[in-house]
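Presented below is the structure to which this report refers.
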Amino acid sequence: MNNPTQHPNWIPRIRGRAAGAALALAILLGLAAVAAAPAQAQIYTESVLHTFTGPPDGAGPQEGVVEDARGNLYGTTFYGGDSACNAPYGCGTVFKLAPPIPPSTTWTETVLYSFTGTGGDGAEPWVDLVRDAKGNLYGTTEFGGDLSCNAPDGCGTVFKVDTTGKETVLHSFTGTPDASVPAKGLLLDAEGNLYGTTRDGGAYGNGAVFILSPPVAPSVTWTETVLSNTDDSEPGGLLRDTQGNLYVPTSNGGTYGDGTVFMLAPPVAPSVTWTETTLYSFSGGADGSFIGEALLQDAQGNLYGIARAGGDLACGSVSGNGGYPGCGTVYKLAPPVAPSVTWTETTLYTFTGGADGYDPWGVIWDTQGILYGGTGYGGDLSCYAPNGCGTVFKLATTGKLTVLYTFTNEADGVGGGGLMRDAKGNLYGAAYAGGDLSCTTETKGGIVVGCGTVVKLTPAKATKTATTLSSSPNPSTYGQAVTFAAVVTPAPPDGEAVTFMSGKATLGTGTLSGGSAKFTTSELKVGTTSVTAVYAGDSNFASSTSKAVKQVVDKATTTTALASSLNPSNVGQSVTFTASVTPQFSGTVTGTVAFYDGTTILKTVAVSGGAAKFTTSTLTSGKHSITAKYNGSTSFDGSSDSLTQTVNLGSAELLAPPGLALFETWETWG
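Numbering (the working numbering), first residue to last: 2 to 671.
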């Protein structure tokens, strides 16, 4: 373990078949001489909490940090610590970062433990830590332990570091049929069991999923059990649901050889066998490839994760994502809807290799379901040209990605790794390289310049905004189009929305252009409506609400037109009178129309579809002044129209004197 010539051969297998993204970014000799790229405008501000300096300090942090109740941060470094191990670079550390005590603003770093790689100890942890209720830290080392396994490097360990810094090796892997080379963090359940994966070993040599159970007194020995000897290659980080099922992404294997997500269901007594089900096989195309980072699960059972490659295959491949084409994706897997048994994959975002970054690492999320993650490459492509130094991003589940921070290869570090988010929305992470450029570590084929940093990203204070609102015309008439115009200053980005509200009710929305947004409606009720414009804000601009505009809406006038279906008509014929009521602008006319013959009311009829109809066959001969009077409503004024209806005698009535029946007429005249 003290032979430095062995270590360059280990590195290409880190994170699967190739070096990690942040590490690969830094594979340049004489890196310190490269001019730093100018910083871009950032949505988050970055502060470096600690810059690693190499042995006896740590070097090369690979994953994120875990936080305790007092705000202390804990993590691991791949190198540093005991320089006698893998001289002069060291075999890694477990560190603690304590927050500053005012008035100091400096975080205090303590190396809790330095791995030795000898005497059964582990070497080179590439993981974030898990912490129990007593403050004990648990993790894995890729190498060390039983040095007769994978000689001379060892097959890795599971370790515990207590609050005093005392380390205990809980298990040393022995290779096939046992597991070998753990490269991901652990899961801790309520009973104290630890779950993890290994990249190698297992029955097929392609990796395994294991559980490590705590000792039962008086024993002090932890018991390891291999749960799955997967024939899918290189299982990655684990997710455990409330039923105890484990969800496992793999970097390789599956139908197309580009990775899978499978589920391990716990045994149902008396069986002791876990049941493995492949949920989805990645094709290496638009859906992605080289899967391996731990998943997230929402309340509906949907799974979210990243593919480090695939997506846009025209986007160049890099050594950090296993040499696969494509710059990676963020994906969603939806559970089957009965009777189907097929999970459905949706690509939420495809990285382009530009300012958005590429080769994404794992994601976390906040209480609103917004995803956060980092990329090892891309961003500012003039940094370590043409690769870029990585980004930190957020992604809505609608697929909208926002770059929160772009690494610059200055003192901030290189490459965005695993993230942790606190209750205030601050993000914490580690950058593998950069920082102190006089500190170096190793990789196959070169020297990594800078031993890395731990960084904090704080949401930038949003610029205060003011929203003003006007309306035209005001007052208006019912059914008339009224335009509300909101102006937000200073102007937020085009395309953002302003919501127009009446109390808690949303009237509509408008899209900002040059700081202005408009909304037009003709549906305001008669009376006075208090309307406000609300700009919701974003990461750079604070929300603001306008003063209320009191929009006065008067009743609209109407026009009533009366028509007869038959004019002139004969006595006894059916005549339909139609009163059509037309509003001044728009809207649906309601209410009633009263039909009059002179001053005598004939009938009152409800308006339907803008008209009221009345039919009669009882009009007597002569001229009738028919009037239709629309009585108005809460929204419309009344109106009326009249016509003269002529009613003629029929042919029989013309021959007979008034009051005589037809047969009497013939008897008298005949």
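All C-beta atoms in this analysis are idealised placements derived from N, C-alpha and C, irrespective of residue type, glycine included.
On the three-pair Cβ rule with 8 Å, is the stretch 553 to 565 touching the stretch 459 to 473? no
Could you say if the stretch 485 to 497 and the stretch 507 to 527 meet the contact criterion of at least three C-beta pairs nearer than 8 Å? yes
Beta carbon of phenylalanine 578 nearer than 8 Å to that of alanine 629: Mapped onto the sequence shown, residue 578 falls at position 577. Mapped onto the sequence shown, residue 629 falls at position 628. Contact: yes.
Local conformation of aspartate 423 per DSSP, three classes: Taking the sequence shown and counting its residues from 1, the one referred to as residue 423 is at position 422. Reduced to three states, the DSSP call for aspartate 423 is coil.
So the candidates are Thr165, Ser341, Gly121 and Ser48; which of them puts its Cα closest to the Cα of threonine 107? Counted from its first residue, the sequence shown places residue 107 at position 106. Taking only the C-alpha atoms, the option nearest threonine 107 is Ser48.
With distance defined between alpha-carbon atoms, name the residue in Asn632, Ser618, Thr617 and Gly355 nearest to threonine 593. In the sequence shown, the residue the question calls residue 593 occupies position 592. When each option's Cα is compared against that of threonine 593, the closest is Asn632.
Min CB distance glycine 515 to chain D below 8 Å: The structure shown contains no chain D; it is built from a single protein chain.
Going by alpha carbons, who is nearest to threonine 600 out of Thr621, Thr343 and Ile627? Taking the sequence shown and counting its residues from 1, the one referred to as residue 600 is at position 599. Checked all of Thr621, Thr343 and Ile627; the closest Cα to threonine 600 is Ile627.
Are the beta-carbon atoms of glycine 358 and glycine 389 separated by less than 8 Å? As a first step, residue 358 is located in the sequence shown; it is residue number 357 there, counting from the start. As a first step, residue 389 is located in the sequence shown; it is residue number 388 there, counting from the start. Yes, the Cβ-Cβ distance between glycine 358 and glycine 389 is below 8 Å.
When you compare only the Cα positions, how much space is there between lysine 136 and alanine 467? Your numbering for residue 136 matches position 135 in the sequence shown. Your numbering for residue 467 matches position 466 in the sequence shown. Reading off the sequence, residue 136 comes out as glycine, not lysine. Using only the alpha carbons, I get a separation of about 47 Å.
If glycine 374 and leucine 304 are in contact, beta carbons under 8 Å, what's the gap, nearest whole angstrom? Sequence index remark: in the sequence shown, residue 374 carries index 373 (1-based). Sequence index remark: in the sequence shown, residue 304 carries index 303 (1-based). That belief does not hold up - the Cβ atoms of glycine 374 and leucine 304 are roughly 15 Å apart, past 8 Å.
Whose C-beta lies closer than 7 Å to the C-beta of alanine 397 among residues of the same chain, with five residues either side of it excluded? Here residue 397 refers to the residue found at position 396 of the sequence shown. Closer than 7 Å at Cβ, skipping near neighbours: Ile371.
Exposed unless 16 or more other CB atoms sit within 10 angstroms - verdict on isoleucine 292: Your numbering for residue 292 matches position 291 in the sequence shown. Looking at its Cβ environment, which holds 16 or more other Cβ atoms inside 10 Å, isoleucine 292 is buried.
Among Gly255, Trp362, Lys395 and Phe408, which one has its Cα closest to the Cα of aspartate 381? For the purposes of this step, residue 381 is identified with residue 380 of the sequence shown, where counting begins at 1. Checked all of Gly255, Trp362, Lys395 and Phe408; the closest Cα to aspartate 381 is Phe408.
Closest to glycine 193 by C-alpha separation, out of Ala134, Pro219 and Val582, would be which residue? As a working mapping, residue 193 is identified with position 192 in the sequence shown. The shortest C-alpha separation from glycine 193 is found at Ala134.
Tell me the rounded alpha-carbon separation between glycine 435 and glutamine 244. As a working note, residue 435 is residue 434 in the sequence shown. As a working note, residue 244 is residue 243 in the sequence shown. If you take the alpha carbons of glycine 435 and glutamine 244, they lie about 42 Å apart.
Does the beta-carbon distance from threonine 199 to isoleucine 212 come in below 8 Å? The residue you call residue 199 lines up with position 198 of the sequence shown. The residue you call residue 212 lines up with position 211 of the sequence shown. The answer is no: Cβ separation not under 8 Å.
The stretch 634 to 643 contacting the stretch 548 to 564, beta-carbon criterion three pairs below 8 Å: Yes, the stretch 634 to 643 touches the stretch 548 to 564.
Please classify isoleucine 102 as buried or exposed, where buried requires at least 16 other C-beta atoms within 10 Å of its C-beta. Along the sequence shown, read from residue 1 onward, the residue named residue 102 stands at position 101. Isoleucine 102 comes out exposed.
Taking the DSSP output, what are the residues bridged to tryptophan 366? For the purposes of this step, residue 366 is taken as the residue at position 365 of the sequence shown. DSSP output for tryptophan 366 lists Leu372 as bridge partner(s).
Count the other C-beta atoms from every protein chain shown that fall within 10 angstroms of the C-beta of aspartate 154, then say buried if there are 16 or more, exposed otherwise. Position 153 of the sequence shown holds residue 154. By the neighbour-count criterion, in which 16 or more other beta carbons inside 10 Å mark a residue as buried, aspartate 154 falls on the buried side.
Quick check on DSSP: helix, strand or coil for asparagine 475? Stepping through the sequence shown from its first residue, residue 475 is reached at position 474. The answer is coil: DSSP assigns asparagine 475 none of H, G, I, E or B.
Specify, as a first and last residue, the run of the beta strand (DSSP E) that leucine 213 falls within. On the sequence shown, residue 213 is found 212 positions in, with the first residue counted as 1. From DSSP, the beta strand (DSSP E) with leucine 213 extends over 209 to 214.
Below 8 Å between beta carbons: does that hold for valine 455 and proline 62? By one-based count along the sequence shown, residue 455 stands at place 454. By one-based count along the sequence shown, residue 62 stands at place 61. Yes; because the gap between Cβ atoms is below 8 Å, this pair is in contact.
Near lysine 551, which residues of its chain fall below 6 Å by C-beta distance, leaving aside the five closest residues on each side in sequence? Here the question's residue 551 lines up with position 550 in the sequence shown. Excluding positions up to five away in sequence, the list reads Thr529 and Ser531.
Give me whichever residues DSSP pairs with glutamine 298 in a beta bridge. As a working mapping, residue 298 is identified with position 297 in the sequence shown. Glutamine 298 is bridged to Leu304.
Got a sec, what are the start and stop residues for the beta strand (DSSP E) glutamate 235 sits in? Reading the sequence shown from its first residue, position 234 is the one you call residue 235. Premise fails: glutamate 235 is in no beta strand (DSSP E) and is neither H nor E.
Can you give the beta carbon distance from alanine 688 to asparagine 246, rounded, assuming they're within the 8 Å contact cut? The structure shown does not extend to residue 688, since the chain is modelled only from 2 to 671, so the question has no answer here.
What does the Cβ neighbour count give for threonine 1, buried or exposed, with the cut at 16 atoms within 10 Å? This structure gives no information on residue 1, because the portion of the chain shown stretches from 2 to 671.
What three-state label does DSSP hand proline 183 in the structure shown? Within the sequence shown, numbered from 1, the residue matching residue 183 stands at position 182. It is coil, neither helix nor strand.
When you compare the CB positions of glutamate 277 and serine 229, do they come within less than 8 Å of one another, or not? As a first step, residue 277 is located in the sequence shown; it is residue number 276 there, counting from the start. As a first step, residue 229 is located in the sequence shown; it is residue number 228 there, counting from the start. A contact, by the Cβ cut-off of 8 Å.
For the beta strand (DSSP E) that contains proline 460, what are its first and last residues? If you number the sequence shown from 1, residue 460 lands on position 459. Where proline 460 is concerned, the enclosing beta strand (DSSP E) stretches over 454 to 460.
Check the DSSP bridge columns for lysine 630 and list the partner residues they point to. Mapped onto the sequence shown, residue 630 falls at position 629. Partner(s): Ala595 and Ser641.
Please classify asparagine 649 as buried or exposed, where buried requires at least 16 neighbouring CB atoms within 10 angstroms. The sequence position of residue 649 within the sequence shown is 648, counting from 1. Under this definition asparagine 649 is an exposed residue.
Helix, strand or coil at phenylalanine 116 according to DSSP, with G and I counted as helix: The residue you call residue 116 lines up with position 115 of the sequence shown. DSSP places phenylalanine 116 in coil when its eight states are reduced to three.
Take glycine 166 as the anchor and find which of Ala124, Val576, Phe96 and Val590 has the nearest alpha-carbon. Numbered from 1 along the sequence shown, position 165 holds the residue referred to as residue 166. Among Ala124, Val576, Phe96 and Val590, the Cα nearest to that of glycine 166 is on Phe96.
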